[in-house]
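Working notes, beginning with the structure itself.
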Amino acid sequence: MPLDLVTVPCLTDNYAFVIHDAETGATGIVDVPEAAPLLAVLSERGWRLTDVLLTHHHSDHVDGLKDLLAGLPEDVAVDVAVWGAEADSHRLPPLALAVAEGQTHMFGNQKVRVMDVSGHTVGHVAFHIPGAGLAFTGDSLMAMGCGRLFEGTPAQMWRSLEKFSALPEETLICSGHEYTTSNMRFARALEPQNEALIFREEEIERAREAGLPTVPSTLALERRTNPFLRAADPALKSAIGMPDAAPEQVFAEIRGRKDRF
């Protein structure tokens, strides 16, 4: 992989990610739920932090930033570039790089493409690094799920999920929470006989019993099993009694069902 990737459990069920470009020494952190686990990774690896990429404004993704910067050597902290959505800059920590849909910025030697993936919040962004096969999706596309619609509409979230679905299938989806077990229970309730779900459920159970994260996952796997990405799938549409409905309507229905599940 062109970048080193470390998945870092934080708080109760959050994930942050540390990425490192060995060629340039650039080191980034995607979302900062809390500082201590991330400072530990940087110390253990001997990596000098250069960038922090924030997907959205929620406290469990940004509140550790102040302590993170305070825990760095002073000469390092002053050079850290914080990235975040220009549209959300009024409720994010101060940004060195305000980003927007379709822009490309460099992290080390890697191009980072910015995606507006509003839905969970309005102004939520994802960071796609094509050369490394990584997409940092925060609380938009998640393993076996998608984020609750706190601010956006079903139509917005469905458009965001369509953007993810168009990425190369080998892309690793680096999402922000360990919600996979509960997401799977919901998916199985929709399609109890779906063999792909049964097989993935067994894999998830083995990983969690071993204390391993279920994140990241591949886009190919999410396309096969994540009900929120499958709103156009005839099998899922039939399973929920909406065989002739438009994908956006199917998505809205299953998102509503998940909220009540």
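With this note's numbering as the guide, the letters of the sequence shown map in order to residues 19 to 279. Glycine included, every Cβ here is placed at the ideal spot set by N, Cα and C.
Proximity below 7 Å, CB of residue i to CB of residue j
i: residue 214; j: residue 241; result: no
i: residue 110; j: residue 120; result: no
i: residue 45; j: residue 67; result: yes
i: residue 190; j: residue 231; result: no
i: residue 34; j: residue 26; result: yes
i: residue 209; j: residue 257; result: yes
i: residue 78; j: residue 99; result: no
i: residue 106; j: residue 75; result: yes
i: residue 194; j: residue 229; result: no
Residue i, DSSP secondary structure in three states
i: residue 258; result: coil
i: residue 128; result: strand
i: residue 163; result: strand
i: residue 59; result: helix
i: residue 115; result: strand
i: residue 86; result: helix
i: residue 64; result: coil
i: residue 141; result: coil
i: residue 229; result: coil
i: residue 220; result: helix
i: residue 78; result: helix
Cα-Cα separation, residue i to residue j
i: residue 4; j: residue 142; result: Because residue 4 is not part of the residues shown, which for the chain are 19 to 279, the question remains open.
i: residue 137; j: residue 172; result: 7 Å
i: residue 179; j: residue 238; result: 13 Å
i: residue 108; j: residue 224; result: 42 Å
i: residue 246; j: residue 272; result: 7 Å
i: residue 31; j: residue 197; result: 7 Å
i: residue 53; j: residue 89; result: 8 Å
i: residue 130; j: residue 71; result: 11 Å
i: residue 73; j: residue 36; result: 14 Å
i: residue 163; j: residue 269; result: 11 Å
i: residue 97; j: residue 263; result: 51 Å
Residues bridged to residue i (per DSSP)
i: residue 46; result: 37 and 69
i: residue 22; result: 38
i: residue 147; result: 152
i: residue 191; result: 153 and 235
i: residue 123; result: 130
i: residue 244; result: Residue 244 pairs with nothing; no bridge assigned.
i: residue 99; result: 69
i: residue 27; result: 33
Contact with chain D by residue i, beta-carbon distance below 7 Å
i: residue 74; result: In the structure shown, chain D does not exist; there is a single protein chain.
Cβ-heavy atom distance, residue i to the ligand SAH, below 6 Å
i: residue 251; result: Only the bare structure without any ligand can be found here, which leaves the ligand SAH out of the picture.
Checklist entry - Should the stretch 195 to 209 be called in touch with the stretch 168 to 176, which here means at least 3 C-beta pairs below 8 Å? => result no
Next on the checklist: Does the contact criterion of 3 or more C-beta pairs under 8 Å hold for the stretch 141 to 158 versus the stretch 81 to 97?
Outcome noted: With fewer than three CB-CB distances shorter than 8 Å, the stretch 141 to 158 does not count as touching the stretch 81 to 97.
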